[in-house]
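Okay, structure first, notes after.
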Amino acid sequence: MASVISSFTFKEFCPLYYLLNAIPTKIQKGFRSIVVYLTALDTNEDYIAVGSSIGMLYLYCRHLNHMKKYNFEGKNESITVVKLLNCFDDLVAVGTVSGKIAIFQLVSSLPGRNKQLRRFNVSGFHKSSITALAWSPNGMKLF
Numbered sequence: 015m016a017s018v019i020s021s022f023t024f025k026e027f028c029p030l031y032y033l034l035n036a037i038p039t040k041i042q043k044g045f046r047s048i049v050v051y052l053t054a055l056d057t058n059e060d061y062i063a064v065g066s067s068i069g070m071l072y073l074y075c076r077h078l079n080h081m082k083k084y085n086f087e088g089k090n091e092s093i094t095v096v097k098l099l100n101c102f103d104d105l106v107a108v109g110t111v112s113g114k115i116a117i118f119q120l121v122s123s124l125p126g127r128n129k130q131l132r133r134f135n136v137s138g139f140h141k142s143s144i145t146a147l148a149w150s151p152n153g154m155k156l157f
């Protein structure tokens, strides 16, 4: 008997207007107006992380329906990649066009967990753009 292989197509259940409307399309820097491009995306069951061309990370919590913004300090470097990890702590790794990496340890409402946002910078290892990031299964290493 031949087995039937069904193909799955990912479909958008509903438009993500609530998410896109929370992200500005332009920012004002002095007298200049700068267009904001969305440059990186990662999702898991708890969050949607979006990187931008102005160095801003937008993190949407799916459970609370709330958007938070995290700034990549320094120049407005374009974020090239974001990678979420849902482990003991929720972590977000962010890579930029200049080779900088930042890891954000997110706030958790659970007892005994992180009560304030922590940020860890990784710099000096890469001279060119970060194009991909991957967490080890236990979250101890970032590749």
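Heads up: the sequence shown runs through residues 15 to 157, numbered per my numbering. Beta carbons are placed, not taken as given, at the ideal position from N, Cα and C, and that holds for glycine.
Check whether the Cβ atoms of Ala54 and Val95 lie closer than 9 Å to each other. Your numbering for residue 54 matches position 40 in the sequence shown. Your numbering for residue 95 matches position 81 in the sequence shown. Yes, they are a contact pair.
Buried versus exposed call for Gly109 [16 or more other C-beta atoms within 10 Å across all chains shown]: For the purposes of this step, residue 109 is taken as the residue at position 95 of the sequence shown. Classification for Gly109: buried.
Does the Cβ-Cβ distance between Asp60 and Arg76 come in under 9 Å? Working through the sequence shown from its first residue, we reach residue 60 at position 46. Working through the sequence shown from its first residue, we reach residue 76 at position 62. It is a contact, given that the beta carbons lie within the stated cut-off.
According to DSSP, Arg76 sits in a beta bridge with which residue or residues? Start at 1 with the first residue of the sequence shown, and residue 76 comes out as number 62. Bridge partners of Arg76: none, in fact.
Should Ala107 be labelled buried (16 or more other beta-carbon atoms within 10 Å of its own) or exposed? Position 93 of the sequence shown, counted from the start, is the residue given in the question as residue 107. Buried: at least 16 other Cβ atoms inside 10 Å.
Over what stretch of residues does the alpha helix (DSSP H) that includes Tyr61 continue unbroken? Position 47 of the sequence shown, counted from the start, is the residue given in the question as residue 61. Here Tyr61 belongs to no alpha helix (DSSP H); instead the beta strand (DSSP E) covers 61 to 66.
In angstroms, rounded to a whole number, what distance separates the CA positions of Val111 and Gln119? Taking the first residue of the sequence shown as 1, we reach residue 111 at position 97. Taking the first residue of the sequence shown as 1, we reach residue 119 at position 105. Their Cα atoms are separated by approximately 21 Å.
Element boundaries [alpha helix (DSSP H), containing Leu105]: Within the sequence shown, residue 105 is the residue found at index 91, counting from 1. Run containing Leu105: none in the alpha helix (DSSP H); it sits in the beta strand (DSSP E), 104 to 110.
Do you know how far the Cα of Gly113 is from the Cα of Phe13? Lying before the first or after the last residue shown, residue 13 is absent from the chain, which here runs from 15 to 157.
Which residues share a DSSP beta bridge with Ile117? For this step, residue 117 is matched to residue 103 along the sequence shown. Ala107, Phe134.
Element boundaries [beta strand (DSSP E), containing Leu99]: As a first step, residue 99 is located in the sequence shown; it is residue number 85 there, counting from the start. Where Leu99 is concerned, the enclosing beta strand (DSSP E) stretches over 93 to 100.
For Ala57, which residues in the same chain have their Cβ closer than 8 Å to its Cβ, ignoring the five residues on either side in sequence? Residue 57 sits at position 43 when you count from the first residue of the sequence shown. Residue identity differs from the one stated: residue 57 is Thr in this sequence, not Ala. Around Thr57: Ala63, Leu98.
So for Leu33, helix, strand or coil by DSSP? Working through the sequence shown from its first residue, we reach residue 33 at position 19. Leu33 carries a helical assignment under DSSP once its states are collapsed to helix, strand and coil.
Going straight from the alpha carbon of Ile115 to that of Arg132, what length do you get? The sequence position of residue 115 within the sequence shown is 101, counting from 1. The sequence position of residue 132 within the sequence shown is 118, counting from 1. Distance between the alpha carbons of Ile115 and Arg132: 14 Å.
When the distance is taken between beta carbons, is Met70 closer than 9 Å to Ile48? On the sequence shown, residue 48 is found 34 positions in, with the first residue counted as 1. On the sequence shown, residue 70 is found 56 positions in, with the first residue counted as 1. No, they are not a contact pair.
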